[in-house]
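First up is the structure itself, then whatever we jot down about it.
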Amino acid sequence: MNLDKEKIIVQVDKIINSQKFNRSKTLCKFLQFIVSETLNGKENQLKEYTIGIKVLNKNVTYSPQEDPSIRIHANRLRKFLVEYYEEDGRGDEIIISIPRGAYVPSFVINNSDSKIANIGFDIKSKIALLPFNYFNTGDAEPRICYKLHQEIIHELSYFHEIDIVSEFLELSPNVLEQQLADQKVDYCVVGKCLNEEGKLTISIELRSVPFGVQPIWTESININDGVKEENAYGPLLQKVISVLCGFLGIIYRNKQDVRLKQNYDNLGAIFWHNQYHTDFSEEAIMQTLQALNIGLKKSPNNSLLTAFLGELYLNFNLMDLQQDVDFLKKCLELAKRAVYLDENNQHAYGVLAAASVHSKRYEDFIFYSEKCIAINANSPMYQGLIGFISILGGNYQGGYNLMWNAIKKIPYYPFEINVGFCLYNIHKKRYKEAFQWAERIKRKNLIWDPILRITCLAYLNRFQDLDKPKKELFLLKENFSERARIIINIPLFDTDMQDSLIHGLKLAGIEILD
Numbered sequence: 002m003n004l005d006k007e008k009i010i011v012q013v014d015k016i017i018n019s020q021k022f023n024r025s026k027t028l029c030k031f032l033q034f035i036v037s038e039t040l041n042g043k044e045n046q047l048k049e050y051t052i053g054i055k056v057l058n059k060n061v062t063y064s065p066q067e068d069p070s071i072r073i074h075a076n077r078l079r080k081f082l083v084e085y086y087e088e089d090g091r092g093d094e095i096i097i098s099i100p101r102g103a104y105v106p107s108f109v110i111n112n113s114d115s116k117i118a119n120i121g122f123d124i125k126s127k128i129a130l131l132p133f134n135y136f137n138t139g140d141a142e143p144r145i146c147y148k149l150h151q152e153i154i155h156e157l158s159y160f161h162e163i164d165i166v167s168e169f170l171e172l173s174p175n176v177l178e179q180q181l182a183d184q185k186v187d188y189c190v191v192g193k194c195l196n197e198e199g200k201l202t203i204s205i206e207l208r209s210v211p212f213g214v215q216p217i218w219t220e221s222i223n224i225n226d227g228v229k230e231e232n233a234y235g236p237l238l239q240k241v242i243s244v245l246c247g248f249l250g251i252i253y254r255n256k257q258d259v260r261l262k263q264n265y266d267n268l269g270a271i272f273w274h275n276q277y278h279t280d281f282s283e284e285a286i287m288q289t290l291q292a293l294n295i296g297l298k299k300s301p302n303n304s305l306l307t308a309f310l311g312e313l314y315l316n317f318n319l320m321d322l323q324q325d326v327d328f329l330k331k332c333l334e335l336a337k338r339a340v341y342l343d344e345n346n347q348h349a350y351g352v353l354a355a356a357s358v359h360s361k362r363y364e365d366f367i368f369y370s371e372k373c374i375a376i377n378a379n380s381p382m383y384q385g386l387i388g389f390i391s392i393l394g395g396n397y398q399g400g401y402n403l404m405w406n407a408i409k410k411i412p413y414y415p416f417e418i419n420v421g422f423c424l425y426n427i428h429k430k431r432y433k434e435a436f437q438w439a440e441r442i443k444r445k446n447l448i449w450d451p452i453l454r455i456t457c458l459a460y461l462n463r464f465q466d467l468d469k470p471k472k473e474l475f476l477l478k479e480n481f482s483e484r485a486r487i488i489i490n491i492p493l494f495d496t497d498m499q500d501s502l503i504h505g506l507k508l509a510g511i512e513i514l515d
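The opening position of the sequence shown corresponds to residue 2 in the numbering used here, with each subsequent residue numbered one higher.
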């Protein structure tokens, strides 16, 4: 280690005495312990069991496989460190971070190129996970419910747009209400376990705290008689995470609703990123570009905004905007920088997977797709997007399976999945089903909307219905006939699919120039 040990110790003291950390004795103790062990050459002993015993005072019979509390606290500590260096510690000499997959801290000198996990949300939603209530349960059921409660906390910790509060000493209504107010909690998750005639029902409810603790979503599952395994609650866990979290989840969408469009902070930039995906209009594109550039000027090391800007350039390439700019090259540069800033930026890996298809680099596409899914396999949004990208890459069945699993979990899903299902059914020569999915795209300013509708209608011999989508196509691209092969080649790896679309357009009477 090249850094001065005394400076590292001083840096730790500064961190734990900051406003961010001084309210969490557990995280302070966690950080002090792993740094001390590392400085004393004992980093090989930083295992989950050892930390549980020495930091959380676990019993010697403690099993990390059954109790995920160390992983939960480690994820919280990672997030707290990121937020500390975004705020109070922005100018500190030494940056301390904890790479995922281990508990050994990293120490680097702070400079503009330092590798900091910097997702950077200006406003996060704070969620309280309250202990579950039990009614008429036996000995085994509370254990299942407790593990579900702990797993929800663990899985929520992977989502950067939320903060988790899970330590409550008193659950009487008046005291609890005051605790929620003191900690400025936005939402609380409550659970109920009820045993009726030998059948266990577990119910989960999301409540909005500022508006009188009103329920805004609920879900329940019945566990069959005699089923005591931990995975019995698996479907409910998946549902909770899928519906609540991510950019398409209830929590983020509710937060977005109360934001003003003109606020170009990080969340405002994300708002415009989503607006642009909603209509693909020129106004939304320019607003998104402006918002992302302003956001990155304020936070140049913001990994998420960097990935979003890379995605925007990728879509410029997809839309065949003919300018003296190599949009694909700029996309790759930005997405790789986003990964450099945060190696666990799931969105950046998704952008790199899509860019690899555009670049016709199949091995890179496989690598980045696997990396994206591995970061957070419980995120249906990224499951669906990687499924869609897999379809573009020619992996039709694998892409179909990922997309189908994703839409079963969430009521809202990226519109690209409609494109993916359309292409899958064209590949299968099921043109009626393909057209039904094409009709769901509903992006009038996206050239692929009329391309797919025209192709399906032509294969269905519905030539009388072609006038409207053909008019839309040439309004979007006057020189489509001469650019058609280029436009269709850009996102599709499979030449057979390219030929199917070209043939369908020709059947529709569209001249395609070679």
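From the three backbone atoms N, C-alpha and C, an ideal C-beta is built for every residue, glycine too. Values in this document were obtained by computation on a predicted structure and should not be read as measured data.
In chain order, what residues of the same chain lie with their CB nearer than 8 Å to the CB of residue i, ignoring the 5 residues before and after it?
{"i": "G53", "result": "K59, Y63, P65, D68, S70, I71"}
{"i": "V36", "result": "I9, I10, V13, I97, P106"}
{"i": "I95", "result": "L4, K8, I9, Q12, F108, V109, I110, N111"}
{"i": "K55", "result": "F34"}
Measure the C-alpha to C-alpha separation of residue i and residue j and round it to an integer number of angstroms.
{"i": "H274", "j": "G399", "result": "28 Å"}
{"i": "E87", "j": "L4", "result": "22 Å"}
{"i": "F281", "j": "N419", "result": "16 Å"}
{"i": "Y401", "j": "G388", "result": "6 Å"}
{"i": "A1", "j": "T289", "result": "Because residue 1 is not part of the residues shown, which for the chain are 2 to 515, the question remains open."}
{"i": "P492", "j": "K240", "result": "32 Å"}
{"i": "F494", "j": "E483", "result": "20 Å"}
{"i": "D468", "j": "I217", "result": "44 Å"}
{"i": "L315", "j": "R454", "result": "23 Å"}
{"i": "Q46", "j": "A75", "result": "16 Å"}
{"i": "D123", "j": "E434", "result": "Unreliable placement is indicated for D123, whose pLDDT of 46 sits below 50; the coordinate value is still reported in the next sentence. Cα-Cα distance, rounded: 43 Å."}
{"i": "S531", "j": "I205", "result": "Residue 531 lies beyond the residue range present for the chain, which begins at 2 and ends at 515; the question has no answer from this structure."}
{"i": "D515", "j": "L319", "result": "20 Å"}
{"i": "D93", "j": "E84", "result": "13 Å"}
{"i": "I153", "j": "L238", "result": "7 Å"}
{"i": "V352", "j": "E312", "result": "6 Å"}
{"i": "I503", "j": "Y383", "result": "30 Å"}
{"i": "I392", "j": "K331", "result": "24 Å"}
{"i": "E371", "j": "E198", "result": "45 Å"}
{"i": "L306", "j": "V61", "result": "44 Å"}
Looking at the structure shown, is residue i part of a helix, part of a strand, or coil, going by DSSP?
{"i": "R486", "result": "helix"}
{"i": "R208", "result": "strand"}
{"i": "Y135", "result": "strand"}
{"i": "A129", "result": "strand"}
{"i": "S107", "result": "strand"}
{"i": "E283", "result": "helix"}
{"i": "Q20", "result": "coil"}
{"i": "L195", "result": "strand"}
{"i": "E479", "result": "coil"}
{"i": "S357", "result": "helix"}
{"i": "S98", "result": "strand"}
{"i": "P451", "result": "helix"}
{"i": "T202", "result": "strand"}
{"i": "E220", "result": "strand"}
{"i": "Q33", "result": "helix"}
{"i": "Y188", "result": "strand"}
{"i": "I442", "result": "coil"}
{"i": "I10", "result": "helix"}
Between which residues of its own chain and residue i is the CB-CB distance below 6 Å, once the five residues before and five after are set aside?
{"i": "F366", "result": "A354, S357, V358, G394"}
{"i": "I376", "result": "N345, Q347"}
{"i": "A349", "result": "A308, A336, A339, V340"}
{"i": "S380", "result": "G247"}
{"i": "Y460", "result": "Y432, G505"}
{"i": "S243", "result": "P381, K410, I411"}
Please return the same chain residues whose Cβ sits closer than 7 Å to the Cβ of residue i, not counting the five positions on each side in sequence.
{"i": "C146", "result": "F133, Y135, G192, C194, I203"}
{"i": "V210", "result": "L181, V186, D187, Y188, C189"}
{"i": "F160", "result": "C246, G247"}
{"i": "F422", "result": "M404, W438"}
{"i": "W449", "result": "V420"}
Alpha helix (DSSP H) containing residue i: first to last residue?
{"i": "E87", "result": "70 to 87"}
{"i": "V1", "result": "One cannot answer for residue 1 here, as it falls past the ends of the chain, which runs 2 to 515."}
Going by other Cβ atoms of all chains shown within 10 Å of its Cβ, with 16 needed for buried, is residue i buried or exposed?
{"i": "L529", "result": "Beyond the ends of the chain as shown, which are 2 and 515, falls residue 529; an answer cannot be given."}
{"i": "A103", "result": "exposed"}
{"i": "K429", "result": "exposed"}
{"i": "A378", "result": "exposed"}
{"i": "K445", "result": "exposed"}
{"i": "I487", "result": "exposed"}
{"i": "E38", "result": "buried"}
{"i": "R77", "result": "buried"}
{"i": "M287", "result": "exposed"}
Following the continuous beta strand (DSSP E) through residue i, name the residue where it begins and the one where it ends.
{"i": "N426", "result": "Counting along the chain, N426 falls outside any beta strand (DSSP E), though it belongs to the alpha helix (DSSP H) covering 417 to 428."}
{"i": "V166", "result": "163 to 166"}
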